[in-house]
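Just below is one structure, and these are the notes that go with it.
Protein chains: 2
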Amino acid sequence: MESEESRGQSATPLWRPGRRRRAPAYDIKREAVIATAARLFQEKGYRNTTLNDIAAALNVTKPTIYYYVQNKDEILAECRARVWGGITKVIQAASDSRKNGREKVELFVRSYAEAISTDYGKCLVMTVRDVGGAEAELRKYRQGLREATHVLRDIVAEGIRDGSIAPCDPRMAAFAMYGALNWITYWYDPDGPSNPSEIGEEFVRLFRTGLKPRLER
Amino acid sequence: MESEESRGQSATPLWRPGRRRRAPAYDIKREAVIATAARLFQEKGYRNTTLNDIAAALNVTKPTIYYYVQNKDEILAECRARVWGGITKVIQAASDSRKNGREKVELFVRSYAEAISTDYGKCLVMTVRDVGGAEAELRKYRQGLREATHVLRDIVAEGIRDGSIAPCDPRMAAFAMYGALNWITYWYDPDGPSNPSEIGEEFVRLFRTGLKPRLER
DNA sequence: GGAATTGGACCGTCCGGTCGTTAGAATCCA
DNA sequence: TGGATTCTAACGACCGGACGGTCCAATTCC
Numbered sequence: 490m491e492s493e494e495s496r497g498q499s500a501t502p503l504w505r506p507g508r509r510r511r512a513p514a515y516d517i518k519r520e521a522v523i524a525t526a527a528r529l530f531q532e533k534g535y536r537n538t539t540l541n542d543i544a545a546a547l548n549v550t551k552p553t554i555y556y557y558v559q560n561k562d563e564i565l566a567e568c569r570a571r572v573w574g575g576i577t578k579v580i581q582a583a584s585d586s587r588k589n590g591r592e593k594v595e596l597f598v599r600s601y602a603e604a605i606s607t608d609y610g611k612c613l614v615m616t617v618r619d620v621g622g623a624e625a626e627l628r629k630y631r632q633g634l635r636e637a638t639h640v641l642r643d644i645v646a647e648g649i650r651d652g653s654i655a656p657c658d659p660r661m662a663a664f665a666m667y668g669a670l671n672w673i674t675y676w677y678d679p680d681g682p683s684n685p686s687e688i689g690e691e692f693v694r695l696f697r698t699g700l701k702p703r704l705e706r
Numbered sequence: 490m491e492s493e494e495s496r497g498q499s500a501t502p503l504w505r506p507g508r509r510r511r512a513p514a515y516d517i518k519r520e521a522v523i524a525t526a527a528r529l530f531q532e533k534g535y536r537n538t539t540l541n542d543i544a545a546a547l548n549v550t551k552p553t554i555y556y557y558v559q560n561k562d563e564i565l566a567e568c569r570a571r572v573w574g575g576i577t578k579v580i581q582a583a584s585d586s587r588k589n590g591r592e593k594v595e596l597f598v599r600s601y602a603e604a605i606s607t608d609y610g611k612c613l614v615m616t617v618r619d620v621g622g623a624e625a626e627l628r629k630y631r632q633g634l635r636e637a638t639h640v641l642r643d644i645v646a647e648g649i650r651d652g653s654i655a656p657c658d659p660r661m662a663a664f665a666m667y668g669a670l671n672w673i674t675y676w677y678d679p680d681g682p683s684n685p686s687e688i689g690e691e692f693v694r695l696f697r698t699g700l701k702p703r704l705e706r
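Protein sequences appear in the order of chains A and B.
Position one of the first sequence corresponds to residue 490 (my numbering), numbered consecutively onward.
Position one of the second sequence corresponds to residue 490 (my numbering), numbered consecutively onward.
Next up, the structure:
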C-alpha cells in the first residue's frame with residue numbers, strides 16, 4: 490500500500506493527480522464523523538465511547554467509520570486539532586497585542602472562554618487529563634496547555650511591572666483564571682442561559698475588581 | 490453444602506460462629522490497596538488503570554486485590570467517599586458559620602482548596618467527568634458537585650445582599666471560583682513550591698480584590 | 001461499468017473477574 | 001508438647017465479554 494502510493498506520487502502516476510477520486514460529500518461526511526465523535530467523547534469520555542456508538546449515532550456501521558478515518562486515535566487527534574488552532578490564536582493575540590498587562594489578560598480570558606466552549610474544547614480538556622489516544626500526542630497537548638498557563642502567568646507579571654495589575658503571585662493568579670476558564674467545559678450548556686461571550690465578560694469583571702465592593706470613585 | 494451449613498447453624502453447631510480469627514494487618518492492607526489505586530487513578534485515569542497495575546504497584550497479583558475488595562468499582566467508591574466527607578464538611582462549615590457572605594466565600598475557598606488537593610480529590614474530579622464506576626454512584630457525585638456550586642452561589646448572593654460583596658452575577662462568580670478550585674487537581678504537585686493552604690490564601694486574595702490595583706486607602 | 005460506499009461476519013487482544021489450590025501461621029486437643 | 005485442624009493470604013490459570021480493527025462481498029451512484 491505504501492509503495493503504491495509513493496510510486497503514484499513520483500514517476501508514472503497510477504492515478505492522475507488532479508482527478509478527484511472521492512465524491513464531494515466525502516469531506517462533509519468525514520466532518521460529520523468527527524463532530525459526532527466529539528459530541529460523544531465530550532459526553533461520555535473517550536474510552537467510554539465505542540466506535541459502534543459513533544457509528545450508531547450516524548446511522549451507519551463501524552466499517553463505514555473506517556472509510557473516513559484511520560483509527561479511533563485519529564478521530565481524537567482531529568478533535569483536538571480543531572480546538573487547538575483556536576487556542577494558539579488566543580495566545581498569540583493576547584501576547585502580541587499593544588496593550589498593558591491587564592488588558593492582555595482580559596483579552597485572553599474573553600477569547601479563551603469562547604474558544605473552549607465547544608464540543609472540541611470539552612473533548613480536549615477531558616482527554617488531556619485522563620489518557621486518550623497516542624502517548625506522544627497526549628504529551629504534546631499537556632505541554633501545550635502548560636505553555637498556555639505560562640503565557641497567562643507572564644502577561645500577569647507584565648501587568649504587575651507596568652502597574653496595571655496589583656502585586657500578587659502571577660503563577661497562582663494564572664492558575665486560578667486558567668482553571669476557571671477550563672472548568673467552563675464541565676458546566677457550559679449551549680442551551681443554557683448564558684453564551685460564551687457573556688461568560689467571558691463576567692469572568693473578566695470578577696478577575697478585574699474582585700468580590701469586595703470598591704470604595705473608590 | 491447448603492444443608493450442612495444450615496444444620497450447623499441451627500442445632501448443634503459444628504463450628505462455633507463469631508469465633509473470628511484476628512487479622513490485624515487486614516485493614517491496613519486494604520487501605521494500602523485503596524491509596525495505591527487512588528494514586529494510579531489520579532495519574533492515569535480510572536479506565537486506564539488495570540487491576541494488574543494496582544496489584545503490581547503493591548507487589549502482589551490480581552486475586553490478592555480481590556481478597557480486600559469486591560470489585561474495581563468498589564475501589565473507586567472508596568476513593569470518592571474518602572474525599573467526599575471532607576467536602577461536605579467544607580460546605581457545612583462555610584454555610585453555617587456566623588459570618589457575612591464574603592467571609593463565608595473565603596472560608597469555602599480556603600478549606601475546599603485543602604480538601605481537594607489529595608490523590609482522592611484528584612481522583613474524584615477526574616472520574617466525575619469521564620465515566621467511572623457504577624452509573625448511579627457517578628450521578629450521585631455529579632449531583633454533589635453541582636450542589637456544592639449552588640451553595641457557593643448562594644453565599645455569594647448572600648454577600649451581595651449584606652453588602653460585603655459588590656453586585657455581580659452570583660452564578661458566574663461561583664462557577665469561576667469553583668473552577669479555579671477544582672482545577673487545582675490538574676496541576677497541584679505535593680512536591681511543588683506551594684502547599685494547599687498557601688494556594689487557598691492566594692486564591693482568596695485574588696477573588697477578594699481582583700487584579701486591578703485599588704486606589705482606595 | 002467501474003469506482004465510491006457500506007454492512008455482515010469475523011478476529012485477536014485486553015481486562016475484569018473467578019476458581020481451585022497452597023504455604024504457612026494460629027489454634028486446638030490428646 | 002506435638003500432631004491434627006483451621007484459617008489467612010496469596011497465586012497461577014483460566015473464562016467470557018467487550019471492543020478496536022479487518023476482510024470481503026454487496027450495493028449504489030456517477
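A virtual CB, placed ideally from N, CA and C, is assigned to each residue, including glycine.
Determine the extent of the alpha helix (DSSP H) in which residue i is found, giving its start and end residues.
i, result
"B:Thr638", "624 to 651"
"A:Ile701", "Correcting the residue type first, residue 701 of chain A is Lys in the shown sequence and not Ile. Premise fails: A:Lys701 is in no alpha helix (DSSP H) and is neither H nor E."
"A:Ile554", "551 to 557"
"A:Ala524", "514 to 533"
"A:Val594", "590 to 605"
"A:Pro659", "659 to 676"
"B:Gly621", "First-last for B:Gly621: undefined, no H or E at that position."
"B:Asn541", "540 to 546"
"B:Asp562", "561 to 585"
Since residue i meets chain B, which of its residues come closer than 8 angstroms, beta carbon to beta carbon?
i, result
"A:Pro702", "Gly652, Ser653, Ile654, Ala655"
"A:Arg587", "Neighbours of A:Arg587 on chain B: none; closest Cβ ~19 angstroms, over 8 angstroms."
"A:Asn537", "Arg536, Asp619, Val620"
What does residue i reach in chain A if we use C-beta pairs closer than 8 angstroms?
i, result
"B:Arg591", "Leu700, Lys701"
"B:Val594", "Leu700"
Taking residue i as the query, report the chain A residues whose CB atoms sit under 9 angstroms from its CB, ordered along the chain.
i, result
"B:Lys533", "Asp619, Val620"
Using a C-beta to C-beta distance shorter than 9 angstroms, which residues of chain B count as neighbours of residue i?
i, result
"A:Gly648", "Leu700"
Quick check: is any heavy atom of the ligand FAD less than 8 angstroms from the C-beta of residue i?
i, result
"A:Asp516", "Among the components of this structure there are no ligands whatsoever, and the ligand FAD is therefore not found."
(message) I want to know whether the stretch 615 to 634 of chain A touches the stretch 520 to 537 of chain A - three or more CB-CB distances under 8 angstroms.
(response) In this structure the stretch 615 to 634 of chain A lies against the stretch 520 to 537 of chain A, because at least three pairs of beta carbons, one per stretch, are closer than 8 angstroms.
(message) Along the stretch 654 to 676 of chain A, where does the CB come closer than 9 angstroms to a CB of chain B? Name the residues.
(response) Ile654, Ala655, Pro656, Cys657, Asp658, Arg660, Met661, Ala662, Phe664, Ala665, Met666, Tyr667, Gly668, Ala669, Leu670, Asn671, Trp672, Ile673, Thr674, Tyr675, Trp676
(request) Evaluate the contact criterion for the stretch 554 to 561 of chain A versus the stretch 587 to 605 of chain A: three or more CB pairs, one atom per stretch, below 8 angstroms. (result) no
(message) Any contact between the stretch 565 to 577 of chain A and the stretch 647 to 658 of chain B? By contact I mean 3 or more CB pairs, one from each, below 8 angstroms.
(response) no
(message) To be precise: take each residue of the stretch 687 to 699 of chain A, compare its Cβ to all Cβ atoms of chain B, and keep it if any distance is under 7 angstroms. Which residues remain?
(response) Ile688, Glu691, Phe692, Arg694, Leu695, Phe696, Arg697, Thr698, Gly699
(message) So if I threshold CB-CB distances at 8 angstroms, which residues from the stretch 559 to 582 of chain B count as touching chain A?
(response) none
(message) Tell me whether the stretch 670 to 681 of chain B and the stretch 680 to 688 of chain A touch, counting them as touching only if at least three CB pairs, one residue from each stretch, are closer than 8 angstroms.
(response) As far as the Cβ criterion goes, the stretch 670 to 681 of chain B does not touch the stretch 680 to 688 of chain A, which means the pair count is below three.
(message) I want to know whether the stretch 626 to 635 of chain A touches the stretch 605 to 612 of chain A - three or more CB-CB distances under 8 angstroms.
(response) No, they do not touch.
(message) Quick test of the definition: if touching needs 3 or more C-beta pairs under 8 angstroms, does the stretch 664 to 676 of chain A touch the stretch 660 to 673 of chain B?
(response) yes
(request) Evaluate contact between the stretch 570 to 578 of chain B and the stretch 596 to 610 of chain B, counting only Cβ atoms and requiring at least three cross-stretch pairs below 8 angstroms. (result) yes
(message) For the pair the stretch 635 to 644 of chain B and the stretch 657 to 664 of chain A, tell me if three or more CB-CB distances fall below 8 angstroms.
(response) Taking a cut-off of 8 angstroms for Cβ pairs, the stretch 635 to 644 of chain B and the stretch 657 to 664 of chain A do not touch, as fewer than three such pairs fall below it.
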